[in-house]
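Working notes, beginning with the structure itself.
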Amino acid sequence: MTKEMTKQLKRMVVPDRHHCDCCGFAHNCQIHGCAVLRQAVKEVETLAQITTAVLQEE
57 MTKEMTKQLK
67 RMVVPDRHHC
77 DCCGFAHNCQ
87 IHGCAVLRQA
97 VKEVETLAQI
107 TTAVLQEE
């Protein structure tokens with residue numbers, strides 16, 4: 057589930073000013089893609105790594 061979720065989030069991080077809601081979270085979303093979605097990808101990946109590490113310890 058997590059790999060598919062991050063894959064879809066990354067697909068949505070499109071550098072396109074027409075999809076930007078100008079949330080004010082960051083600038084240059086038109087160049088790098090949506091900052092909120094990029095951060096969400098990082099958070100999901102980090103949580104997946106932590107979960108994997110915890111499960112391996114058990």
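Under the working numbering, the residues of the sequence shown are numbered 57 to 114, in order. We treat Cβ as the ideally placed atom computed from N, Cα and C, and that holds for glycine.
Touch test, the segment 92 to 109 against the segment 59 to 74, Cβ-Cβ under 8 Å, three pairs minimum: With the cut-off at 8 Å, the segment 92 to 109 and the segment 59 to 74 touch.
N- and C-terminal bounds of the alpha helix (DSSP H) containing H88: Mapped onto the sequence shown, residue 88 falls at position 32. Run containing H88: 85 to 88, per the alpha helix (DSSP H) assignment.
Under the three-state DSSP convention, the category V70 falls into: Position 14 of the sequence shown, counted from the start, is the residue given in the question as residue 70. Three-state result, V70: coil.
Secondary structure of E114, DSSP reduced to three states: In the sequence shown, residue 114 corresponds to position 58, counting from 1. Note: E114 maps to coil in three-state DSSP.
Spatial distance of A91 from C85 (CA atoms): In the sequence shown, counting from the first residue as 1, residue 91 sits at position 35. In the sequence shown, counting from the first residue as 1, residue 85 sits at position 29. Answer to the nearest angstrom: the Cα atoms are 6 Å apart.
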